[in-house]
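Participant: Order-wise, the sequence lines are chains A and B.
So for the first sequence, the numbering used here puts the first residue at 19; every next one is plus one.
So for the second sequence, the numbering used here puts the first residue at 83; every next one is plus one.
Dropping the structure in here first, questions after.
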Amino acid sequence: MKTKHINLLGSCFFIIFLALFSFAALQQNEMPNAIYYLFFLIVSLICIASFKLYKDVTEEVHDLKNHIHIMLGVIIGGVLTFVLNVEFKLGAAMAAGLVGILGAYLPQFIRLPKAKDYAVPVYCGAFVGMSSTLVLSNIWLVLLASSLAALLFVVVKNVYLGVGGRLGVVAFMGVTLSTAIWTFFGGIIK
Amino acid sequence: VNSIIIVLVSILASTATYFVAHDLKQGPVKASAILSFLVALVFLLLFHNTAMNYLITTIPLVFIGASFIGMSSKAHLKNLAYAAFAGLLFGFIFLYTTDLFKGYGGGLGTEASMSVLATLGIEYLIVAIIKKLNKK
Numbered sequence: 019m020k021t022k023h024i025n026l027l028g029s030c031f032f033i034i035f036l037a038l039f040s041f042a043a044l045q046q047n048e049m050p051n052a053i054y055y056l057f058f059l060i061v062s063l064i065c066i067a068s069f070k071l072y073k074d075v076t077e078e079v080h081d082l083k084n085h086i087h088i089m090l091g092v093i094i095g096g097v098l099t100f101v102l103n104v105e106f107k108l109g110a111a112m113a114a115g116l117v118g119i120l121g122a123y124l125p126q127f128i129r130l131p132k133a134k135d136y137a138v139p140v141y142c143g144a145f146v147g148m149s150s151t152l153v154l155s156n157i158w159l160v161l162l163a164s165s166l167a168a169l170l171f172v173v174v175k176n177v178y179l180g181v182g183g184r185l186g187v188v189a190f191m192g193v194t195l196s197t198a199i200w201t202f203f204g205g206i207i208k
Numbered sequence: 083v084n085s086i087i088i089v090l091v092s093i094l095a096s097t098a099t100y101f102v103a104h105d106l107k108q109g110p111v112k113a114s115a116i117l118s119f120l121v122a123l124v125f126l127l128l129f130h131n132t133a134m135n136y137l138i139t140t141i142p143l144v145f146i147g148a149s150f151i152g153m154s155s156k157a158h159l160k161n162l163a164y165a166a167f168a169g170l171l172f173g174f175i176f177l178y179t180t181d182l183f184k185g186y187g188g189g190l191g192t193e194a195s196m197s198v199l200a201t202l203g204i205e206y207l208i209v210a211i212i213k214k215l216n217k218k
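Put into structure tokens, the structure is as follows:
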């Protein structure tokens with residue numbers, strides 16, 4: 019696939035999941051009317067901004083060989099955060115912060131090649147690991163979610179750079195897709 | 083009172099992260115991670131004996147979520163005022179969506195990017211209106 023198609027795919031994924039999230043939020047019953055309309059306003063503003071931003075994507079070449087360390091970073095970040103959060107009971111925010119700091123400083127400290135590339139994917143993985151045990155019940159499910167997030171991270175790599183929360187959306191995609199897969203195959207096995 | 087405190091915390095978090103990331107030139111990941119780690123640590127140390135109530139468990143989460151806004155690049159959110167506005171929006175979005183995706187990793191990040199994109203949308207709209215007015 020060409021880079022252009024991957025970029026298009028990435029931004030489609032991004033917008034679909036944003037829309038899913040916003041419209042699922044609208045389904046809540048106890049929401050006052052004013053807030054309901056405010057949400058519609060916000061969603062339409064998001065549409066305007068995302069169409070405008072799609073025009074200035076960078077056309078960097080996708081090569082899977084160069085992205086393996088990035089994907090490993092996402093997976094390691096996810097599993098590590100989940101372990102810190104659940105086994106050591108640090109709490110989601112603190113575990114993610116700790117893993118983010120580790121991801122930013124440790125690769126430079128032990129002089130890994132391309133040390134600066136690890137900070138962002140590890141922090142993205144950390145968001146996957148912030149999930150509670152009600153959603154991702156065991157470590158294998160976390161592994162699945164963070165691997166999916168790693169794949170999607172490479173797909174979405176070039177679109178919406180510098181929009182805050184982009185990593186969070188990638189993590190959210192990984193988590194929702196993996197829970198969907200889990201419930202689907204769980205139903206078949208039963 | 084709880085909701086006002088949450089909105090204030092989210093404004094504070096987004097502006098503080100933006101300040102550390104761009105004005106102190108630490109880079110977005112370090113800024114967000116260090117600040118939210120410190121806040122979570124302070125809350126853990128101060129309140130580990132008291133009974134868990136809503137604010138104590140929620141403020142670290144609001145802080146880390148709003149700090150994602152501060153991770154935006156300078157090309158998108160041009161100065162602190164934009165970050166503060168996005169933080170305000172994040173506070174509202176957080177108050178009305180938390181129950182639904184509770185415990186889904188990345189839900190906070192999605193809320194943050196909703197607020198950033200909405201802020202950008204307002205900016206683009208205003209720019210477009212001003213251009214049209216100037217043409218007339």
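Using N, Cα and C, we set each Cβ at its ideal position, and we do this for glycine too.
Rounded to whole angstroms, what is the Cα-Cα separation between S197 (chain B) and F202 (chain A)?
Facilitator: 32 Å
Participant: Suppose you measure from the CA of F171 (chain A) to the CA of F145 (chain A); what does that come to, to the nearest Å?
Facilitator: 12 Å
Participant: In this structure, does DSSP put Q126 (chain A) in helix, strand or coil?
Facilitator: helix
Participant: Answer with buried or exposed for H158 (chain B), where buried requires no fewer than 16 other C-beta atoms within 10 angstroms of its C-beta.
Facilitator: buried
Participant: To the nearest angstrom, how far is the alpha carbon of A148 (chain B) from that of G183 (chain A)?
Facilitator: 9 Å
Participant: Going by DSSP in three states, Y136 (chain B) sits in which element: helix, strand or coil?
Facilitator: helix
Participant: Check whether the Cβ atoms of G143 (chain A) and G109 (chain A) lie closer than 7 Å to each other.
Facilitator: Result no, Cβ atoms of G143 (chain A) and G109 (chain A) do not sit closer than 7 Å.
Participant: Could you check what DSSP says for A111 (chain A) in three-state terms: helix, strand or coil?
Facilitator: helix
Participant: Contact criterion: CB-CB distance below 7 Å. Does L137 (chain B) meet it with respect to chain A?
Facilitator: It does not; no Cβ of chain A falls within 7 Å.
Participant: Using three-state DSSP, classify N176 (chain A) as helix, strand or coil.
Facilitator: coil
Participant: Going by C-alpha distance, which of A:V61, A:L56, A:I157 is nearest V104 (chain A)?
Facilitator: The residue with the shortest Cα to Cα distance from V104 (chain A) is A:I157.
Participant: Apart from the five residues on each side of it in sequence, which residues of its chain come closer than 6 Å, Cβ to Cβ, to G186 (chain A)?
Facilitator: F145
Participant: Where T179 (chain B) and F39 (chain A) are concerned, what is the direct C-alpha to C-alpha distance, given to the nearest angstrom?
Facilitator: 9 Å
Participant: Between F101 (chain B) and L162 (chain B), which are expected to be in contact by the criterion C-beta below 8 Å, what is the C-beta distance as a whole number of angstroms?
Facilitator: 7 Å
Participant: What residue range is occupied by the uninterrupted alpha helix (DSSP H) comprising M89 (chain A)?
Facilitator: 86–104
Participant: Can you say whether H23 (chain A) is buried or exposed, counting buried as having 16 or more other CB atoms within 10 angstroms of its CB?
Facilitator: exposed
Participant: Can you name, in chain order, every residue of its own chain whose Cβ lies under 7 Å from the Cβ of L170 (chain B), other than the five neighbours on each side?
Facilitator: V89, I93
Participant: For the segment 108–133 of chain B, list every residue whose C-beta sits within 7 Å of some C-beta in chain A, in sequence order.
Facilitator: V111, K112, S114, A115, I116, S118, F119, A122, L123, L126
Participant: Could you work out which residues of chain A lie near H158 (chain B), taking near to mean beta carbons separated by less than 7 Å?
Facilitator: G180, V181
Participant: Which same chain residues end up closer than 7 Å to A189 (chain A) when comparing Cβ atoms and leaving out the 5 residues on each side of it in sequence?
Facilitator: C142, F145, V146, A167
Participant: When the cut-off is 7 Å and only beta carbons count, does F39 (chain A) lie next to chain B?
Facilitator: yes
Participant: With a threshold of 7 Å between beta carbons, is G91 (chain A) in contact with chain B?
Facilitator: no
Participant: Within the same chain, show all residues whose beta-carbon is closer than 7 Å to that of H85 (chain A), passing over the 5 residues directly before and after it, in chain order.
Facilitator: V172
Participant: For a test of the three-state rule: what should DSSP assign to Y178 (chain B), helix, strand or coil?
Facilitator: helix
Participant: Could you list which residues in chain A have their beta carbon closer than 8 Å to that of I151 (chain B), in chain order?
Facilitator: Scanning chain A for C-beta atoms nearer than 8 Å to the C-beta of I151 (chain B) yields G182, G183, reported in chain order.
Participant: Whole angstroms are fine: how far does the CA of V209 (chain B) sit from the CA of A168 (chain B)?
Facilitator: 18 Å
Participant: Just to make sure I have the definition right: I need the residues of chain A whose C-beta is within less than 8 Å of the C-beta of Y164 (chain B). Which are they?
Facilitator: Chain A residues near Y164 (chain B): none, gap ~11 Å exceeds 8 Å.
Participant: Relative to the ligand MG, is the shortest distance from any of its heavy atoms to the C-beta of Y178 (chain A) smaller than 6 Å?
Facilitator: By its list of ligands, the structure shown contains no ligand whatsoever, and the ligand MG lies outside what it can speak to.
Participant: Residue range of the alpha helix (DSSP H) that F129 (chain B) falls in?
Facilitator: 110–129
Participant: Is the shortest distance between the beta-carbon of S29 (chain A) and the beta-carbons of chain B less than 7 Å?
Facilitator: no
Participant: Under the assumption that L152 (chain A) contacts V97 (chain A) (Cβ atoms under 8 Å), give the Cβ distance between them as a whole number of angstroms.
Facilitator: The pair is not a contact, with the Cβ atoms about 18 Å apart (cut-off 8 Å).
Participant: Mind checking the segment 186–197 of chain B against chain A and listing, in chain order, the residues whose C-beta falls within less than 9 Å of any C-beta there?
Facilitator: Y186, G187, G188, G189, L190, G191, T192, E193, A194, S195, M196, S197
Participant: Taking a contact to mean a Cβ-Cβ separation below 7 Å, would you say G187 (chain B) touches V193 (chain A) in this structure?
Facilitator: yes
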